[in-house]
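*Asks:*
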Amino acid sequence: MRAKKHVLHPLTEEQKAFAEINHNLVYQFLRRKNYSIEEYYNVVILDYVMACQMYLERNDLQEKYDFPIIAYMRMNSAISNYFKAQNCQCRKPERGTVSIEQLHDPESGTGKEPASDKLDTLEKIIRVEQDEHFIENILLLLPERQGKIVLYLMDGYKEQEIYKFLGIGRKIYRSDMEEIKDTLEKLANR
Numbered sequence: 342m343r344a345k346k347h348v349l350h351p352l353t354e355e356q357k358a359f360a361e362i363n364h365n366l367v368y369q370f371l372r373r374k375n376y377s378i379e380e381y382y383n384v385v386i387l388d389y390v391m392a393c394q395m396y397l398e399r400n401d402l403q404e405k406y407d408f409p410i411i412a413y414m415r416m417n418s419a420i421s422n423y424f425k426a427q428n429c430q431c432r433k434p435e436r437g438t439v440s441i442e443q444l445h446d447p448e449s450g451t452g453k454e455p456a457s458d459k460l461d462t463l464e465k466i467i468r469v470e471q472d473e474h475f476i477e478n479i480l481l482l483l484p485e486r487q488g489k490i491v492l493y494l495m496d497g498y499k500e501q502e503i504y505k506f507l508g509i510g511r512k513i514y515r516s517d518m519e520e521i522k523d524t525l526e527k528l529a530n531r
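So for the sequence shown, my numbering puts the first residue at 342; every next one is plus one.
See the structure below:
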């Protein structure tokens, strides 16, 4: 049976004190792994805090392991996830030269394919259109959460990652995406 996934929540006073007492483990971990403290501290600190919470909330962990083992495992996982995210091709969107007007004008399509073929997904529209003015207009027209969705899409994150980052469900994400599409179409038709 798989353990229930731990969710980070505000620290209790006991957890704060425990995290402070053992904080040197963060520096030890980074030094042993030869990671720059300035560069990787922020990568591991949330997982360190989560390790503190998990350890104090779960007696089964306390009975089986010493805290440094749990902390190192969590921080190792954070580093691993960080490098996976950095190396993922989807994190490196290609910058295109097609404008939003060209996407809606079949006459001005680039190459052999008609411009309407480029409207398959919202992700393609956002990745192709990198014009700062356009982005500023979108972000001004969208509510905060929808603006964050646009920014995450531009950075190459996938649907599932985005709604997990924002702490929303898939239905809310899809609903927001429809509203974003409507806003983009209105903006393009101006």
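Using N, Cα and C, we set each Cβ at its ideal position, and we do this for glycine too. This one's a predicted model, so the numbers in the text were calculated from it and none came from an experiment.
Rounded to whole angstroms, what's the CA-CA distance from Asn-375 to Met-395? Just pull it up for me.
*Replies:* On the sequence shown, residue 375 is found 34 positions in, with the first residue counted as 1. On the sequence shown, residue 395 is found 54 positions in, with the first residue counted as 1. Whole-angstrom Cα-Cα distance: 26 Å.
*Asks:* Whole angstroms is fine: what's the gap from Glu-485's alpha carbon to Met-518's?
*Replies:* Start at 1 with the first residue of the sequence shown, and residue 485 comes out as number 144. Start at 1 with the first residue of the sequence shown, and residue 518 comes out as number 177. One C-alpha to the other measures close to 13 Å.
*Asks:* Run through DSSP, which three-state label would Gly-508 get?
*Replies:* Here residue 508 refers to the residue found at position 167 of the sequence shown. Three-state DSSP puts Gly-508 in coil, outside helix and strand.
*Asks:* Which same chain residues, not among the five before or five after Ser-418, have their C-beta less than 8 Å away from its C-beta?
*Replies:* Sequence index remark: in the sequence shown, residue 418 carries index 77 (1-based). Here the set comprises Asp-388.
*Asks:* Report yes if the CB atom of Ile-513 is closer than 8 Å to the CB atom of Val-491, and no otherwise.
*Replies:* In the sequence shown, the residue the question calls residue 513 occupies position 172. In the sequence shown, the residue the question calls residue 491 occupies position 150. Not closer than 8 Å, so no.
*Asks:* Determine the closest residue to Ala-358 out of Leu-402, Tyr-381, Val-390, Leu-507, with distance taken between C-alpha atoms.
*Replies:* Here residue 358 is taken as the residue at index 17 of the sequence shown, counted from 1. Answer by Cα proximity: Val-390.
*Asks:* Going by alpha carbons, who is nearest to Lys-425 out of Cys-393, Ser-377, Gly-510, Val-384?
*Replies:* As a position in the sequence shown, residue 425 is number 84, starting the count at 1. Checking every option, the nearest Cα to that of Lys-425 belongs to Val-384.
*Asks:* Rounded to the nearest angstrom, what separates Arg-372 and Ser-421 at their Cα positions?
*Replies:* Within the sequence shown, the letter at position 31 stands for residue 372. Within the sequence shown, the letter at position 80 stands for residue 421. In a straight line, the C-alpha of Arg-372 is about 16 Å away from that of Ser-421.
*Asks:* Looking at the structure shown, is Tyr-389 part of a helix, part of a strand, or coil, going by DSSP?
*Replies:* Here residue 389 corresponds to residue number 48 of the sequence shown, with the count starting at 1. Three-state result, Tyr-389: helix.
*Asks:* From Glu-559 to Glu-361, what distance separates their C-alpha atoms?
*Replies:* Because the chain is modelled from 342 through 531, residue 559 falls outside the range shown and cannot be assessed.
*Asks:* Exposed or buried, what is Tyr-368 when buried is set at 16 or more other beta-carbons lying within 10 Å of its beta-carbon?
*Replies:* By 1-based counting over the sequence shown, the position of residue 368 is 27. By the 10 Å Cβ count, Tyr-368 comes out exposed.
*Asks:* Suppose you measure from the CA of Ile-410 to the CA of Phe-370; what does that come to, to the nearest Å?
*Replies:* Position 69 of the sequence shown, counted from the first residue, corresponds to residue 410. Position 29 of the sequence shown, counted from the first residue, corresponds to residue 370. For Ile-410 and Phe-370, the distance between alpha carbons rounds to 11 Å.
*Asks:* Looking only at its own chain, which residues have a Cβ that is under 7 Å from the Cβ of Gln-356, when we skip the five neighbours before and after it?
*Replies:* Numbered from its first residue, the sequence shown carries residue 356 at position 15. Counting only Cβ-Cβ distances below 7 Å, and skipping sequence neighbours, we find Cys-393, Gln-394, Leu-397.
*Asks:* Would you grab the beta carbon distance between Asn-365 and Ala-412 for me? Rounded to a whole angstrom, and I think it's under 8 Å.
*Replies:* Position 24 of the sequence shown, counted from the first residue, corresponds to residue 365. Position 71 of the sequence shown, counted from the first residue, corresponds to residue 412. Incorrect: roughly 10 Å between the Cβ atoms, too far for contact.
*Asks:* Taking only the alpha-carbon atoms, compute the straight-line gap between Gln-501 and Leu-494 and give it to the nearest angstrom.
*Replies:* Counting from one through the sequence shown, the residue named residue 501 turns up at place 160. Counting from one through the sequence shown, the residue named residue 494 turns up at place 153. When rounded, the separation of the alpha-carbon atoms in Gln-501 and Leu-494 is 11 Å.
*Asks:* Measure the alpha-carbon distance for Gly-510 versus Tyr-423 and round it to whole angstroms.
*Replies:* The residue you call residue 510 lines up with position 169 of the sequence shown. The residue you call residue 423 lines up with position 82 of the sequence shown. Going by the C-alpha atoms only, they are around 23 Å apart.
*Asks:* Nearest CA to the CA of Gln-321: which residue from Tyr-498, Glu-526, Leu-525, Phe-506?
*Replies:* Because the chain spans 342 through 531 in this model, residue 321 falls outside it and cannot be assessed.
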